[in-house]
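So our numbering is basically just the index in the sequence shown, starting at one, shifted up by 672. Built from N, CA and C at the ideal position, the CB exists for glycine as well. All values reported here derive from a predicted model rather than from experimental measurement. What follows is a short report on a single structure.
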Amino acid sequence: MKEKHITEILEQSPLASLSEAELALVRAHAAECPECRRAYEASQLSSALLRERAGEVFEPPPFFQTRVLAALRERRAAEETNVFARLWKATGALVASMAATVAMLAVLTFVVPSTQPADTSAEYATAASTYSADELLLNGSDVTNDRLTDEQVLTTLYEPDEGAGR
């Protein structure tokens with residue numbers, strides 16, 4: 673019995689819930705072992721304190737429920753504010769990225785084409801033979817296989833001004 677101490681039994685279950693056989697075993701071992709006797713006395717003391725306090729009814733302080741509910745409402749309001757703040761920040765980032773995209777497209781549309789030399793279209797038109805719509809329709813000699821080439825269509829549609837290239 674000295675090899676196995678009763679502290680394991682006392683730690684696993686409260687003293688009040690032990691059966692008579694286990695209680696007799698605990699008492700017999702506590703009489704022989706001083707270390708287990710201290711554990712048994714501590715267990716008896718805690719059991720007596722629990723029995724004494726078991727009948728007590730504790731009343732919460734006045735307005736306890738009101739304070740708890742108010743604190744709960746404040747937390748919920750703070751969480752709702754945080755949700756709106758996060759949503760607003762996400763919306764702000766989205767609007768900023770959209771504005772940057774629009775600005776970039778505006779620059780590419782209006783600024784970049786004006787920086788290209790205007791002579792390229794004039795040079796292209798003068799390099800190729802110029803056609804007019806009347807010539808293409810009346811003279812079928814330039815048309816091969818009854819189809820117009822891309823070059824002929826583009827030259828006809830975008831005839832350069834005589835003074836633009838100079």
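Sequence-distant residues of the same chain with beta carbon closer than 7 Å to A743, five excluded per side
Excluding positions up to five away in sequence, the list is empty.
Cβ neighbour criterion (16 or more within 10 Å) applied to Q737:
exposed
Straight-line Cα distance separating S719 from L687:
7 Å
Nearest-angstrom Cβ-Cβ length linking A653 and L682, presumed shorter than 8 Å:
Lying outside 673 to 838, the shown extent of the chain, residue 653 is not represented and no answer is given.
Pick from G727, V729, V698: whose alpha carbon is nearest that of A714?
Nearest of G727, V729, V698 to A714, Cα basis: V698.
Could you give the distance in angstroms between the alpha-carbon of S769 and the alpha-carbon of A757?
Between S769 and A757, the alpha-carbon positions lie close to 18 Å from each other.
Nearest-angstrom Cα distance between P921 and L741?
Residue 921 cannot be examined here, being either before or after the span of the chain that is shown, 673 to 838.
Straight-line Cα distance separating L695 from P839:
One cannot answer for residue 839 here, as it falls past the ends of the chain, which runs 673 to 838.
Quick one: using the 10 Å Cβ neighbour count with 16 as the cut-off for buried, is T827 buried or exposed?
buried
Three-way DSSP call (helix, strand, coil) for P734 in this model
coil
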